[in-house]
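Peer 1:
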């Protein structure tokens, strides 16, 4: 008897809504080898291929900024039982050293990113759709702190992107799906309750499928 098809979860939310932190804790609560995560952040096109706005600033908040075909194909490879590898995207931060990260096939596959729901090929493959929500003012403050630390951006750059790129893209490409998902996790202060619900659900999925877990690798996926 063949193993069941992997259970595919899509997790999306606005910029700095807390997706990465949520996913890190979700993975920590799952058995080794039971879950792999594919992050949209590693599928951005090179900077020279990105669209720019009227002021010549790169707009990373468009669906066309992502190598959509690779993103979709890597999901299909995982479903077929193949390992996928991708070079980390560093957002041109000179302090960062991109590394090659790999994800092994697992009973549960999580696709994470701003456009996971917008890409119809992925939407149609999802068994569960999860939306991470937070107030816009909270997300902005988180993004200012994150981009200064991880990407070396000045606050003025972050605020410009937020006003001209992030929020227009949010309302056009993400917010319309909020009413179509299965689970909404609110993360204004914490996401403990939502995390517990999703963690318990995925553990139940594993138990129902009684799958044999693949060999454990050094990584549960990449994000």
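Residue numbers (the numbering used here): 379 to 601.
C-beta: ideal position from N, C-alpha, C; glycine also.
Compare the Cα-Cα distances from residue 511 to each of 498, 384, 396 and report the closest residue.
Peer 2: Here the closest residue by C-alpha is 396.
Peer 1: Throw me the rounded Cβ distance for the residue 508 and residue 388 pair, which I believe falls under 8 Å.
Peer 2: About 7 Å; that satisfies the 8 Å criterion.
Peer 1: For residue 418, which option in 432, 404, 441 has the closest C-alpha, if you only look at C-alpha atoms?
Peer 2: Of the listed residues, the one whose Cα sits closest to residue 418 is 441.
Peer 1: Determine the closest residue to residue 502 out of 562, 564, 550, 450, with distance taken between C-alpha atoms.
Peer 2: It is 450 whose Cα lies nearest to the Cα of residue 502.
Peer 1: Spatial neighbours of residue 566 within its chain, please: CB distance less than 7 Å, with the 5 preceding and 5 following residues excluded, ordered by chain position.
Peer 2: If we look at residue 566 and ignore the five residues flanking it on each side, its Cβ neighbours are 512, 513, 516.
Peer 1: How big is the Cα-Cα spacing for residue 581 and residue 435?
Peer 2: C-alpha separation (whole angstroms): 44 Å.
Peer 1: Out of 478, 459, 457, which one is the CA nearest neighbour of residue 467?
Peer 2: It is 478 whose Cα lies nearest to the Cα of residue 467.
Peer 1: Can you check which of these residues, 559, 384, 578, 409, is closest to residue 494 by C-alpha distance?
Peer 2: Nearest option by C-alpha distance: 559.
Peer 1: Taking the continuous beta strand (DSSP E) assigned at residue 506, which residues delimit it?
Peer 2: Here the beta strand (DSSP E) through residue 506 covers 506 to 511.
Peer 1: Determine the direct distance from the alpha carbon of residue 506 to that of residue 404, and round the result to whole angstroms.
Peer 2: Their Cα atoms are separated by approximately 15 Å.
Peer 1: Assuming contact is defined by CB atoms lying nearer than 9 Å, are residue 486 and residue 584 in contact in what I supplied?
Peer 2: A contact, by the Cβ cut-off of 9 Å.
Peer 1: Sort 416, 519, 518 by Cα distance to residue 482 and report the nearest one.
Peer 2: Comparing Cα-Cα distances from residue 482 to each of 416, 519, 518, the minimum goes to 416.
Peer 1: Rounded to the nearest angstrom, how far is the Cβ of residue 543 from that of residue 439, given a contact under 8 Å?
Peer 2: Between residue 439 and residue 543 the Cβ distance is about 4 Å, and since that is below 8 Å, they are a contact.
Peer 1: Just list the residues that DSSP pairs residue 562 with in beta bridges.
Peer 2: DSSP, once it has assigned bridges, lists 509 as partnering residue 562.
Peer 1: Could you give the residue range of the alpha helix (DSSP H) that holds residue 538?
Peer 2: Where residue 538 is concerned, the enclosing alpha helix (DSSP H) stretches over 533 to 539.
Peer 1: Between residue 579 and the rest of its own chain, which residues show a CB-CB distance below 8 Å, the 5 nearest in sequence each way excluded?
Peer 2: Taken in chain order, the residues that qualify are 506.
Peer 1: If you reduce the DSSP assignment to three classes, tell me which class residue 417 lands in.
Peer 2: The answer is strand: DSSP assigns residue 417 an E or B state.
Peer 1: Measuring straight from C-alpha to C-alpha, what distance separates residue 409 and residue 459?
Peer 2: About 18 Å.
Peer 1: Tell me which same chain residues have a C-beta within less than 8 Å of the C-beta of residue 556, skipping the five on either side of it?
Peer 2: Around residue 556: 509, 511, 562.
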